[in-house]
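One structure is given here, and the rest of the page talks about it.
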Amino acid sequence: MRAEIETIIDEIKQGITLLRRHLDWDRAQRRLLELNALSETQNFWDDPQKAQKLMRERQGLEDGIGAVETSERELQDNIELIEMGEAEGDPSIVAEAEAAIFALKGEIRKRQVNSMLSGEADGNDSYLEVHAGAGGTESQDWANILLRMYTRWAEKSGRKVELLEVHDGEEAGIKSATILVKGEQSYGWLKTESGVHRLVRISPFDSAARRHTSFASIWVYPVVDDSIDIEINESDCRIDTYRAQGAGGQHINTTDSAVRITHMPSGIVVQCQNERSQHKNRAAAWDMLRSRLYEAELERREAAAMATESTKKDIGWGHQIRSYVMQPYQLVKDLRTGVESTSPQDVLNGDLNDFMEAALAQRLGGNDVDVQDLD
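In this note's numbering, the protein residues as written are 454 to 828.
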């Protein structure tokens, strides 16, 4: 057997091991048996909402276990075909089996990504916040570029984007903004993007054309649907109204229609200004707060909350998850996974899937990568 094929076989076996670990294989099999037995009981559908939740859990376990078993079977079948072809001196059999193994490697990668999109809230819509770091106009312009990057990623992937609030910079760019990304598994895909993003470029705002480094942070959290009960004590919250800024005509600039809610115990602040009505903005802000509190609970459950922990730090040097270098060379590098792109313009135009898939796969494996940042 060729050394290249042996290496790929080892990679596939490692991928299958990771899938088993993510499923918690023995527990998953026991739980599937429990759910199968439960679904056959006479009163199972007396509570339709609970029954549907259990059926979704069962389907997820069936899909996950089935994917692992199919992968193991396909790998073993093709290994045996290679051995048989070599024993019989039939290179066509060997070539066919090797091609199948190459294809299986790609399938394993897809299954790894899919397994990381099976979390409790991964299928939900998502809020995404952008905040400029220190640095004035340069950082505010960078924050605006990031907002456009994620908007384009969402549109390219067939998702819809709603701008919920934006605070413009004094000269250019934005101080902060919040968008709602609607579409299949929006939160699952975006959740690894939380963190500090670093830009290195010749500043268009510097008359001396010097190179500048700018920072901005991204925070992603899921939209909470009606099936998830989040209790909020209104006495723990401070509600402020203020005059909205930006486009919207005379009304938006002359009434205090924008709403900001501060949750005192957690320090979480949410705000909405996209609606003309203060009542609608207030309702939207409460929804955002419920989602933020739910996301905080999810993070407490997860041992590896790397992205969220990054955003709690300073928006500056030493905390970035990705660097975008425009000068003196062209390169985007993820500092968690080591994934690179030599086409920053494509990345800033929304080509983010390679970075997202690698970050999801790293969460599955649980392995940190020692990556040096760019100069």
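Positions of the beta carbon are idealized from the N, C-alpha and C atoms, including for glycine.
In this text, all values refer to a predicted model and were calculated from it rather than measured experimentally.
If distances are taken between C-alpha atoms only, which option among the options comes closest to residue i?
i       : options                            : result
Glu-527 : Arg-729, Pro-781, Glu-510, Ile-469 : Ile-469
Ala-630 : Glu-464, Arg-691, Ser-670, Val-583 : Val-583
Gln-529 : Glu-551, Met-602, Gly-517, Arg-483 : Glu-551
Ile-671 : Lys-635, Gly-622, Trp-595, Thr-694 : Trp-595
Leu-617 : Glu-539, Asn-727, Glu-510, Gly-589 : Asn-727
Tyr-801 : Asp-479, Leu-652, Asn-489, Pro-501 : Looking at the sequence shown, residue 801 is not Tyr but Leu. Of the candidates Asp-479, Leu-652, Asn-489, Pro-501, the one whose C-alpha sits nearest the C-alpha of Leu-801 is Leu-652.
Asp-709 : Arg-480, Ala-697, Ser-719          : Ala-697
Asp-693 : Val-722, Ser-656, Leu-486          : Val-722
Arg-511 : Ala-481, Glu-539, Met-537          : Ala-481
Leu-784 : Pro-797, Thr-790, Ile-774          : Pro-797
Using a Cβ-Cβ cut-off of 8 Å (strictly less than) and excluding sequence neighbours within five positions of residue i, which residues of its own chain qualify?
i       : result
Cys-690 : Ile-714, Thr-715, His-716, Met-717, Leu-742
Asp-845 : This structure gives no information on residue 845, because the portion of the chain shown stretches from 454 to 828.
Glu-525 : Ile-469
Leu-746 : Ile-683, Ile-685, His-716, Ser-719, Ile-721
Excluding the 5 residues preceding and the 5 following residue i in the sequence, name in chain order all residues of the same chain whose CB lies nearer than 7 Å to its CB.
i       : result
Ser-744 : Tyr-580, Tyr-674, Pro-675, Val-676, Val-677
Glu-748 : Tyr-674, Pro-675
Lys-558 : Ile-461, Glu-464, Ile-465
May I ask you to report which of helix, strand or coil DSSP gives residue i?
i       : result
Thr-841 : As displayed, the chain neither begins before 454 nor continues past 828, which places residue 841 out of reach and without an answer.
Lys-766 : With a pLDDT of 48 at Lys-766, under the threshold of 50, the predicted position of this residue should be treated as unreliable, though the coordinate-derived value follows. Coil, per DSSP.
Val-521 : helix
Gln-724 : strand
Glu-615 : strand
Ser-579 : strand
Ser-629 : strand
Gln-638 : coil
Ile-598 : helix
Gln-703 : The pLDDT assigned to Gln-703 is 42, lower than 50, so where the model puts this residue is not dependable; a value taken from the coordinates is nonetheless given after this. Looking at Gln-703 - three-state DSSP - the assignment turns out to be helix.
Tyr-695 : strand
His-475 : helix
Ala-574 : coil
Leu-784 : strand
Ordered along the chain, which non-local residues of its own chain (more than five positions away) have a Cβ less than 6 Å from that of residue i?
i       : result
Ala-585 : Ser-592, Gln-593, Ala-596, Lys-628, Ala-669
Gly-702 : With a pLDDT of only 41 at Gly-702, under 50, the local geometry of the prediction cannot be trusted, and the value read off the model is given with reservation. Here the set comprises nothing.
Gly-576 : Gln-638
**Q.** Complete alpha helix (DSSP H) runs within the region 797-822 (minimum length 4 residues, chain order)
**A.** With a minimum length of 4 residues, the continuous alpha helix (DSSP H) runs that stay inside the region 797-822 are 797-801, 806-818.
Q | Contiguous alpha helix (DSSP H) assignments of at least 4 residues, all confined to the region 498-563 | A | Within the region 498-563, the complete alpha helix (DSSP H) runs of at least 4 residues are 501-541.
Q. Per the contact definition of three or more C-beta pairs closer than 8 Å, is the region 634-644 in contact with the region 600-616?
A. These segments touch.
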